[in-house]
Every structure is written in structure tokens, then in C-alpha cells.
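S.K.: Residue numbers (the working numbering): 3 to 216. Ideal Cβ placement from N, Cα and C applies to all residues, glycine included.
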């Protein structure tokens, strides 16, 4: 937004959050009516969740996206080995991989007023076949910390139930990050700046172009 004050131009930042007017217009233009309807349903879900408790906000967001979006890997969806989609891109495709599920849930919960200090995008090794398996696969989940030293809750596209980390022995923490920084393992203090993650910086820039600003 630009405001003219006397002879001085003041550039004011857009309101932080999801600009649904812009998002709906782009969804219709780029992806068609089905994507626009899904985005409108997303807007309605967020409106319904806004006055809920934080725990209920987690459930609303996790259930909605796990139900309405399909898992598909990047090579099939984007013809790339590793692509981080914006929320608009994921809704447009109706699908995404674990990073995309985690990103869209993260920014939906931020839209609902949950602080970035409580949320982390967490890289883990998922034990294939259960907690006793030696076969692992790289995976990403969203973790929620009710307080800085609390045990986190895990929001996962593979399991609909939100469980505390102690009930997910199949997941081995590698590192996590948010707008607050990068955290090693299950650490509680950032060990590096998030600016080191080029894919994160790239997806934030593309999100701003779509109409999601935080």
C-alpha cells in the first residue's frame, strides 16, 4: 500500500496473513474452479477455527488438510526431485508431499494466531515398518510446543491423530526450523539462522507473490 503524505510517499506493508481476495482470483486463473472451491473451503475452515482453543485449532487444520489433499511426491507432481510448494500451489494441485503438508499447516496455524515460537517444521527419519525397524526414510512433520520446554505434539500427513512426540517412536528428529531459526535435533534453542535454508527463503518469496505474507 502507498500513502501520499504531503510530498512524501510512505510504503506501508500489506496486512500480514492470507489475502483471500487475491488468492481466490489466482486460484481461479491458474488452476480453475475446483481449486477455487477448495481455497474457499480453506477460508471457511479458518474462519470457523479462529475462536477455538489452540488445541482445537491444531485438530481443525490437521484434519482438514489431511482429508482434502492427497499425497504425491515431487517427481510425479512437479517433475523435480525436491520442490517446496506454496499453499496456493498445493491447493491448486490438490496434492503435495510431506514438506508441502507441513508448510500449509504451518501458515494456516499462523493465520489463526498461533505464534511461530510454538511451531516448527521438523525433519525426521521415519522408521519404515514401525519403531523397531532399521529402515528409515526422510520425512517432515509439523511440531507444536505448548511452552518452550514442553513435549511437542506432532502433526503428520501420514497419521491423522495428533500425538505427543513420545508416542511417535517411529520418528527420529534430525533438525527443525521456523521463522525463529534452525534447531538441531530436538533442541530448544536455535543453532543457526533460518536464512541458511535457501528453499525456505524461496517459498516465502513465492508465497508473498501469491498473497500470503508473514
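Verify whether the separation of the beta carbon atoms of residue 58 and residue 51 is less than 8 Å.
M.R.: Residue mapping note: residue 58 aligns to position 56 of the chain shown, counting from 1. Residue mapping note: residue 51 aligns to position 49 of the chain shown, counting from 1. For residue 58 and residue 51, yes; Cβs fall inside 8 Å.
S.K.: Would residue 173 be called buried (16 or more neighbouring beta carbons within 10 Å of its own) or exposed?
M.R.: The sequence position of residue 173 within the chain shown is 171, counting from 1. Buried is the call here.
S.K.: The beta strand (DSSP E) spanning residue 105 covers which residue range?
M.R.: Position 103 of the chain shown, counted from the first residue, corresponds to residue 105. No beta strand (DSSP E) contains residue 105, which is instead part of the alpha helix (DSSP H) from 100-113.
S.K.: In three-state terms, what does DSSP make of residue 65?
M.R.: For the purposes of this step, residue 65 is taken as the residue at position 63 of the chain shown. Reduced to three states, the DSSP call for residue 65 is helix.
S.K.: What separation, rounded to the nearest whole angstrom, lies between the Cα atoms of residue 25 and residue 136?
M.R.: By one-based count along the chain shown, residue 25 stands at place 23. By one-based count along the chain shown, residue 136 stands at place 134. Computed Cα separation, rounded: 43 Å.
S.K.: Can you give me the Cβ contacts of residue 201 inside the same chain, cut-off strictly under 7 Å, excluding the 5 residues immediately before and after it?
M.R.: Locating residue 201 in the chain shown gives position 199, where the first residue counts as 1. Here the set comprises 86.
S.K.: Buried or exposed for residue 160, please, with buried defined as at least 16 other CB atoms from any protein chain shown within 10 angstroms of its CB.
M.R.: The residue given as residue 160 occupies position 158 in the chain shown. That one is exposed.
S.K.: Under the DSSP definition of a beta bridge, which residues are partnered with residue 214?
M.R.: The residue given as residue 214 occupies position 212 in the chain shown. Residue 214 pairs with 20.
S.K.: With 16 as the cutoff for other CB atoms within 10 Å, does residue 207 come out buried or exposed?
M.R.: For this step, residue 207 is matched to residue 205 along the chain shown. Counting Cβ neighbours within 10 Å, residue 207 comes out exposed, since fewer than 16 surround it.
S.K.: Runs of 3 residues minimum, wholly inside the stretch 157-191: which ones carry the beta strand (DSSP E) assignment?
M.R.: 173-180 and 183-186
S.K.: From what residue to what residue does the alpha helix (DSSP H) around residue 199 run?
M.R.: Working through the chain shown from its first residue, we reach residue 199 at position 197. It is not in any alpha helix (DSSP H) - residue 199 carries neither H nor E in the DSSP assignment.
S.K.: Give the straight-line distance between the Cα atoms of residue 90 and residue 177, rounded to the nearest whole angstrom.
M.R.: The residue given as residue 90 occupies position 88 in the chain shown. The residue given as residue 177 occupies position 175 in the chain shown. So the two alpha carbons sit approximately 26 Å from each other.
S.K.: Got a sec? Which residues, its chain only, sit under 8 Å from residue 38 by beta carbon, not counting five neighbours each side?
M.R.: Mapped onto the chain shown, residue 38 falls at position 36. In chain order, 26, 29 and 30 place their CB closer than 8 Å to the CB of residue 38, counting only its own chain and leaving out the 5 sequence neighbours on each side.
S.K.: Contact between the stretch 161-170 and the stretch 74-82 is defined here as three or more beta-carbon pairs at a separation below 8 Å; is this criterion met?
M.R.: no
S.K.: For residue 47, which residues of its own chain have a beta-carbon under 7 Å away from its beta-carbon, when the five flanking residues on both sides are left out?
M.R.: One-based indexing of the chain shown puts residue 47 at position 45. Cβ contact annotation for residue 47 (same chain, cutoff 7 Å, sequence separation greater than five): 62 and 66, in chain order.
S.K.: Taking 6 Å as the limit between beta carbons, can you name the residues of its chain near residue 99, skipping five residues before and five after?
M.R.: Numbered from its first residue, the chain shown carries residue 99 at position 97. The answer, listed in chain order, is 75 and 76.
S.K.: Should residue 213 and residue 21 be called a contact, given that it needs their Cβ atoms to be closer than 8 Å?
M.R.: The count along the chain shown starts at 1 and reaches residue 213 at position 211. The count along the chain shown starts at 1 and reaches residue 21 at position 19. The Cβ atoms of residue 213 and residue 21 lie closer than 8 Å to each other.
S.K.: Determine the burial state of residue 92: buried for a count of at least 16 other Cβ atoms within 10 Å of its Cβ, exposed for fewer.
M.R.: Residue 92 sits at position 90 when you count from the first residue of the chain shown. Flag for residue 92 reads buried.
S.K.: Thinking residue 60 and residue 199 are a contact (beta carbons under 8 Å), I'd like their distance in whole angstroms, please.
M.R.: What you label residue 60 is simply residue 58 of the chain shown in a count that begins at 1. What you label residue 199 is simply residue 197 of the chain shown in a count that begins at 1. Not really, about 24 Å apart at Cβ, beyond 8 Å.
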